[in-house]
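In the working numbering, each residue's number is its place in the sequence shown (first place is 1) plus 1. Ideal Cβ placement from N, Cα and C applies to all residues, glycine included. Please read these numbers as outputs of a predicted model, since none were measured by experiment.
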Amino acid sequence: MSEKKMVRVELLTDKTLLMPHELFDADGAAACLRIAGMACTSEEIAVWSDPAADEVAVMALPCKAAEMLRQHFGEALAFDSPLRQLAPKADTTAPIVRLHDVSGLVYIKVYDSHRQLQFAEVAACEQAEEFVYLLQRLDAAFTLRTCVLELSGERGKNWKRLSKPYFAKILCA
2 MSEKKMVRVE LLTDKTLLMP HELFDADGAA ACLRIAGMAC TSEEIAVWSD
52 PAADEVAVMA LPCKAAEMLR QHFGEALAFD SPLRQLAPKA DTTAPIVRLH
102 DVSGLVYIKV YDSHRQLQFA EVAACEQAEE FVYLLQRLDA AFTLRTCVLE
152 LSGERGKNWK RLSKPYFAKI LCA
């Protein structure tokens, strides 16, 4: 018996919510986005990553794009998000902040010293000033000086320079 091949489509959107699979309900996916302040517009639908995974990403996708993808790939289609993929890599007992930059979005995950997820979010971040503001808000919530920053993505080198005042240790992935 051959295993069914899946086509994984990674969605890049700031309308992304991460939740434990135990709390995920496909019928309530759009409501979860709405409650989190990321309601789908009339031209979007809620889609999600593998509901059997530990964390499920619920995302808004334009209806036309969803229809086109489903027509082309059918049952083989699977959605995912970079937010779900950001696991801490550093071998440290300090809390870890994972920032991944792609297409003007910064995917953020904050883990405590026991590697328990404390925070997950996607922020639109085009300009350096927006990135610094993001760091200021994170610092107010998590005292970044006590954390290790794991930085990856398209503008990692630029963001590293801007991150130095906030973190004692920065690792580029």
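Residue i versus residue j: straight-line alpha-carbon distance, rounded
i	j	result
L70	S82	16 Å
M39	I97	26 Å
M60	D92	31 Å
V107	D140	16 Å
T17	F80	12 Å
H115	K90	13 Å
I36	T14	17 Å
A125	G105	6 Å
Contact set for residue i: own chain, Cβ-Cβ below 6 Å, skip 5 residues either direction
i	result
E56	L19 and R85
F74	V8
A31	C41 and A47
Cβ-Cβ distance between residue i and residue j below 8 Å
i	j	result
E155	L172	no
H22	A54	yes
Residues near residue i by beta carbon distance below 7 Å, same chain, minus five either side
i	result
G157	D102 and C173
E122	I109
Residues near residue i by beta carbon distance below 8 Å, same chain, minus five either side
i	result
K5	E76 and A77
K165	I171
Residues bridged to residue i [DSSP beta-bridge criterion]
i	result
K110	R99 and A121
M20	V57
E11	D81
K185	Beyond the ends of the chain as shown, which are 2 and 174, falls residue 185; an answer cannot be given.
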